[in-house]
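Quick note on this note's numbering: the sequence shown kicks off at 401 and runs consecutively.
The structure under discussion appears below in the form of structure tokens.
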Amino acid sequence: MGATAAGVEPDYQAVLAAPGFRLGVRCDDDEIHRIAFLPPGAEVAPRNALAAETVRQLVLYLADAEHLFGLPLRPSGTSFQRRVWQQITAIPTHQTRAYGEIAKALHNAPRAVGQACGANPFAVVVPCHRVVASGGGLGGFARQNGGFLLDVKRWLLAHEGC
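Dropping the structure here:
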């Protein structure tokens with residue numbers, strides 16, 4: 401999810417700097433394969449039209465949390481993960497849901513919802529940052545319980561006024 405051992409970014413078609421992090425875009429000409437959170441560093445100019453459109457929409461979101469994405473996301477994940485991501489995408493901007501709330505709606509366990517959130521390949525577009533622990537705690541983020549990714553989650557939630 402970050403730089404390779406040699407310090408070179410994996411094959412991203414674009415990398416956009418954001419406050420305290422970057423967003424790496426992997427795509428072909430037709431579909432987004434992944435949008436990943438990366439540690440701060442250099443940007444990479446878009447290498448194709450879809451990467452440029454993705455960066456354009458991410459910039460709009462970073463300027464205005466109300467921006468609604470319209471990007472062609474490559475189908476991925478298990479059936480259960482896709483159901484979780486559908487629930488998460490339905491959470492309105494400025495709101496959060498607890499892992500347990502989503503689990504109850506899907507008749508499953510909160511831990512399974514957390515695992516599906518961690519497997520989300522479309523950072524920001526499928527807003528897993530809006531899923532928090534019961535009692536208002538942050539919970540994990542992108543399969544991490546600490547480090548810069550929790551700072552990213554805090555920033556995203558503050559950006560959205562949560």
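Cβ atoms here follow ideal geometry from the backbone N, Cα and C, with glycine treated the same way.
Predicted, not measured: the structure shown is a model, and the values here were computed from it.
TODO: Give every residue of the same chain whose Cβ lies closer than 7 Å to the Cβ of residue 519, excluding the five residues on either side of it in the sequence, and list them in chain order.
DONE: 477, 481
Among 491, 456, 457, 433, nearest to residue 475 - alpha-carbon criterion:
433
*Do three or more CB pairs link the region 502-521 to the region 445-462 at distances below 8 Å?*
no
| message | Taking DSSP's pairing of strands, which residues face residue 444 in a bridge? | response | 415
Leaving out five residues on either side along the sequence, give the residues of the same chain with a beta carbon under 8 Å from the beta carbon of residue 411.
426
- [ ] Return the CA-CA distance between residue 473 and residue 528, expressed in angstroms with no decimal places.
- [x] 15 Å
| Limits of the alpha helix (DSSP H) - the one that residue 559 falls within | 548-559
**OP:** Name the one or two DSSP bridge partners that residue 421 has.
**Re:** 418
Original post:
Counting along the chain, where does the beta strand (DSSP E) carrying residue 438 start and finish?
Top reply: 432-438
Counting C-beta neighbours from all protein chains within 10 Å, is the total for residue 446 16 or more, i.e. buried, or is it exposed?
buried
**OP:** Taking residue 443 and residue 462 to be in contact with their CB atoms under 8 Å, please state how far apart those CB atoms are, rounded to whole angstroms.
**Re:** That pair is no contact at about 13 Å.
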